[in-house]
Amino acid sequence: MPKEAKTVNKAGIAVVMLVVVVFFSNPAVAAEQWRKFKADEYIVNYPAGFTVRHTPDGTYFTSRDKTVEFYVYSAWMGRLAEDYPYKVQPRETTIKLSHDWARGREYAFIRANDGTYLRQYVDVRDGRCFRVFGIKYKSEAAYKKYKPLYDKFIRSFKSCGGDDP
């Protein structure tokens, strides 16, 4: 084989290896970098680098860099969480509330008055199951970075009662 062909071959292999490393080092893609959390009412997968704080009224998953937090709550018969996430706190302002009644969804967008974070929630009600998914983030850059992981987090949700989003 000519020397030029060997050089091109090695360069091609290096590019393929680099693509594989980048692809599988992305937490949104690498399945082994996700963990499973099981509560009485649901099971959800979350990024392995996140810390988990479970309360009787929901579970919070915080990124290692603390720039984003995911939230999930689920209950039967429409019981509201005591720490219902889109209760607007004294130092917050509701930016937008909207709904899609045909799909059984309500949306809330809340901002800290000092601009240190934003929160988004979707409240899903269908049948007897009620669930809330949320994301709290410190910047638009953090939101863009973690949004694919958040979407995967929501899609992983399984209700122990069988009613999934």
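When you line the sequence shown up against mature numbering (1 follows the signal peptide of the UniProt record, and there is no 0), it's residues -30 to -1, 1 to 135, in that order.
Every residue gets a Cβ at the ideal spot worked out from N, C-alpha and C, and that includes glycine.
task: Starting from Pro17, trace the beta strand (DSSP E) both ways and give me its first and last residue.
output: Here the beta strand (DSSP E) through Pro17 covers Tyr12 to Pro17.
task: Keeping to the same chain, check which residues put their C-beta closer than 6 Å to that of Arg34; ignore five residues upstream and five downstream.
output: The residues are Gly19.
message: Quick check: the Cα distance between Val38 and Gly104, rounded to an integer number of angstroms?
response: Looking at the two C-alpha atoms, the distance is approximately 10 Å.
task: Reducing DSSP to helix, strand and coil, say where Lys57 ends up.
output: DSSP places Lys57 outside both helix and strand once states are collapsed to three, so it counts as coil.
message: Please give the ranges of any beta strand (DSSP E) in the stretch 65 to 99, keeping only runs that are unbroken, at least 3 residues long and fully inside the region.
response: Listed in chain order, the complete beta strand (DSSP E) runs (minimum 3 residues) inside the stretch 65 to 99 are 75 to 82 and 88 to 96.
message: The alpha helix (DSSP H) that contains Phe31, what's its start and end?
response: Counting along the chain, Phe31 falls outside any alpha helix (DSSP H), though it belongs to the beta strand (DSSP E) covering Gly28 to Thr32.
field: From Thr63, Leu88 and Val14, residue whose alpha carbon lies closest to that of Lys114
entry: Residue nearest to Lys114 within the set Thr63, Leu88 and Val14 is Leu88 (criterion: CA-CA distance).
- prompt: In whole angstroms, what separates the C-alpha of Phe(-8) from that of Lys108?
  reply: Here Phe(-8) scores only 45 on pLDDT, less than 50, and its place in the model should not be relied on; the value that follows carries that caveat. Between Phe(-8) and Lys108, the C-alpha separation is close to 26 Å.
query: Between Phe123 and Tyr16, which are expected to be in contact by the criterion C-beta below 8 Å, what is the C-beta distance as a whole number of angstroms?
result: About 6 Å separates the two Cβ atoms, so the contact holds.
message: Am I right that Phe100 and Ala45 are in contact with their C-beta atoms under 8 Å? What's the rounded C-beta distance?
response: Yes, Phe100 and Ala45 are in contact; Cβ-Cβ is about 5 Å, under 8 Å.
- prompt: Using the beta-carbon count (16 or more within 10 Å), is Asp93 buried or exposed?
  reply: So Asp93 counts as buried.
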